[in-house]
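Undergrad: Pasting a structure here, questions to come.
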Amino acid sequence: AGWLAGTEQELAPFGLEGYHHVETRLNRRRMNWKLMVDTFCEAYHIQSLHRATIAPMIMSSASLFDSWGPQGRMTVSRWSIAELDEQPRETWDAMPHVTLVYLLMPNAVVIYQQDHVELWQVFPHGTDESSAIITLYAPEPADTERAQRRWRKAMDLLVQVTDTEDFIMCEQIQTSFRSGAQEAITFGRNEPALIHFHRSLDELLGVALPVGAAATGLAAGG
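In our numbering, the protein residues as written are 50 to 271.
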């Protein structure tokens, strides 16, 4: 609990201990493990990279990031959040209209969706290969054929999107890194989760931050 820095208290109302395991899959790709985690640390790529898959459901330009200790949470809005404009503010319930992405340092991501939870555990195999263990949990057991079809479809979608859109792009980025064309990556102020992840990792490893990073709000990616 100490390492989670209070994350467990925020997750407690979700009742995750009552969720049921649906399926676990393994995905191994030729890229650094940090690139796998980076995939979940910003939403602005959704409109261009996921135009035909999840962009019609999830906004790419409206997200929040909060951190506590090494841990953090990114709140990503769905397009349906616009429905709240027609409701009195005192009745607003944002939860059905957002996706919560929890960064659990150093190598886990918990994604709380409207109807299920995803756990991503990322592991390195050297500097240019890594694997992700992807697990889907549901609030009710998948004990009927209909439920099994539903969750298989959900798992297929999330694996398809990350595997054929995100991770292919990440492998291209990894190839560029290996070329030696540039020595560092600079994150901008619209990438707070990325900055937090890499800064926290540097602190855990005892790596000194680049000169000026603390003052400018920018950081180099490791």
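Beta carbons are placed, not taken as given, at the ideal position from N, Cα and C, and that holds for glycine.
For clarity, every value in this text was computed on a predicted model and none was experimentally measured.
Ordered along the chain, which non-local residues of its own chain (more than five positions away) have a Cβ less than 6 Å from that of Thr184?
TA: Only Thr73, Leu168 meet the Cβ criterion.
Undergrad: Helix, strand or coil for Glu72 per DSSP?
TA: Strand, per DSSP.
Undergrad: Start and end of the beta strand (DSSP E) containing Ser97?
TA: Looking at the DSSP string, Ser97 is not in any beta strand (DSSP E); the run it does join, the alpha helix (DSSP H), is 95–98.
Undergrad: Starting from Phe216 and walking both ways along the beta strand (DSSP E), at which residues does that stretch end?
TA: Looking at the DSSP string, Phe216 is not in any beta strand (DSSP E); the run it does join, the alpha helix (DSSP H), is 216–228.
Undergrad: Quick one: using the 10 Å Cβ neighbour count with 16 as the cut-off for buried, is His174 buried or exposed?
TA: Flag for His174 reads exposed.
Undergrad: Do Val210 and Thr102 count as a contact pair if the criterion is CB distance below 7 Å?
TA: Yes, the pair counts as a contact, with Cβ atoms nearer than the cut-off.
Undergrad: Quick one: is the Cβ of Glu132 within less than 6 Å of any heavy atom of the ligand FAD?
TA: For the structure depicted, the ligand FAD is absent and the ligand set is empty, with no information on it obtainable.
Undergrad: What separation, rounded to the nearest whole angstrom, lies between the Cα atoms of Ser228 and Thr88?
TA: Going from the Cα of Ser228 to the Cα of Thr88 covers about 21 Å.
Undergrad: Starting from Ile107, trace the beta strand (DSSP E) both ways and give me its first and last residue.
TA: Looking at the DSSP string, the run of the beta strand (DSSP E) that includes Ile107 is 107–117.
Undergrad: Cα-Cα, which of Val256, Gln136, Asp215, Ser249 is closest to Ala92?
TA: Comparing Cα-Cα distances from Ala92 to each of Val256, Gln136, Asp215, Ser249, the minimum goes to Asp215.
Undergrad: Excluding five sequence neighbours on each side, which residues of the same chain lie with their C-beta closer than 6 Å to the C-beta of Arg100?
TA: None.
Undergrad: For Ala187, list the residues DSSP reports as bridge partners.
TA: In DSSP, Ala187 forms a bridge with His69.
Undergrad: If we call anything under 7 Å between Cβ atoms a contact, is Phe246 one with Cys90?
TA: Against a cut-off of 7 Å, the Cβ pair of Cys90 and Phe246 comes out as a contact.
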